[in-house]
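*Asks:* To convert, note that position 47 of the sequence shown is 74 in the working numbering; the numbers rise steadily by one, no gaps.
Beta carbons are placed, not taken as given, at the ideal position from N, Cα and C, and that holds for glycine.
Starting off with a structure, shown below.
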Amino acid sequence: MEVYNLAHELARSLAKSDQYKEFRLAKAKLESDSKNLEMFRDFRGRQMALQMAVLSGKEPDESEKKALEESYRVVSLNPTITSYLASGQRLAQLMQDIQKILIDAIPEWGKDMFGEIDKK
């Protein structure tokens with residue numbers, strides 16, 4: 028049970044982290060302005076559609092690419108949206124760092140899960 032207790036302690040620490048606090052504040056600010064939120068959702072929708080097309084093996088047409096580029100250009104000039112995206116990236120980096128620490132602590136499992144055992 029000690030491992031679970033530590034996991035819960037880590038979860039509480041994450042909830043108190045500066046990265047999470049900044050993310051929540053940036054999200055609240057984004058959601059408080061309907062125009063910014065609509066702009067962000069439009070950008071994210073275009074981004075997801077393009078990614079889904081690529082993942083399914085389809086080449087997105089030039090108009091879709093240009094629309095995403097234009098949407099990104101507009102979004103990148105909006106400090107509320109860029110703050111939200113940057114804070115989300117910092118939180119994601121924190122989570123990736125923690126995941127790496129955990130996987131590095133039990134290298135045999137990581138190797139087995141990522142196909143190293145099959146290569147022998």
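Classify K85 as helix, strand or coil using the three-state DSSP reduction.
*Replies:* In the sequence shown, the residue the question calls residue 85 occupies position 58. K85: coil per DSSP, three-state reduction.
*Asks:* By the DSSP assignment, the alpha helix (DSSP H) with L33 in it spans what residues?
*Replies:* Sequence index remark: in the sequence shown, residue 33 carries index 6 (1-based). Unbroken alpha helix (DSSP H) run through L33: 29-43.
*Asks:* Whose CA, out of S44, A53, L77, lies closest to the CA of S114?
*Replies:* Mapped onto the sequence shown, residue 114 falls at position 87. The shortest Cα separation from S114 among S44, A53, L77 belongs to A53.
*Asks:* How far does the alpha helix (DSSP H) with I125 in it reach, from first residue to last?
*Replies:* Numbered from its first residue, the sequence shown carries residue 125 at position 98. I125 -> alpha helix (DSSP H) spans 106-132.
*Asks:* Is it buried or exposed for T109, if we count other Cβ within 10 angstroms and need 16 for buried?
*Replies:* Counting from 1 along the sequence shown, the entry for residue 109 is found at position 82. T109 is exposed by the Cβ-count criterion.
*Asks:* From F70 to P87, what distance separates their C-alpha atoms?
*Replies:* For the purposes of this step, residue 70 is taken as residue 43 along the sequence shown, with counting starting at 1. For the purposes of this step, residue 87 is taken as residue 60 along the sequence shown, with counting starting at 1. Their Cα atoms are separated by approximately 16 Å.
*Asks:* Determine the direct distance from the alpha carbon of L33 to that of E65, and round the result to whole angstroms.
*Replies:* Walking along the sequence shown from the start, residue 65 turns up at place 38. Walking along the sequence shown from the start, residue 33 turns up at place 6. C-alpha separation (whole angstroms): 40 Å.
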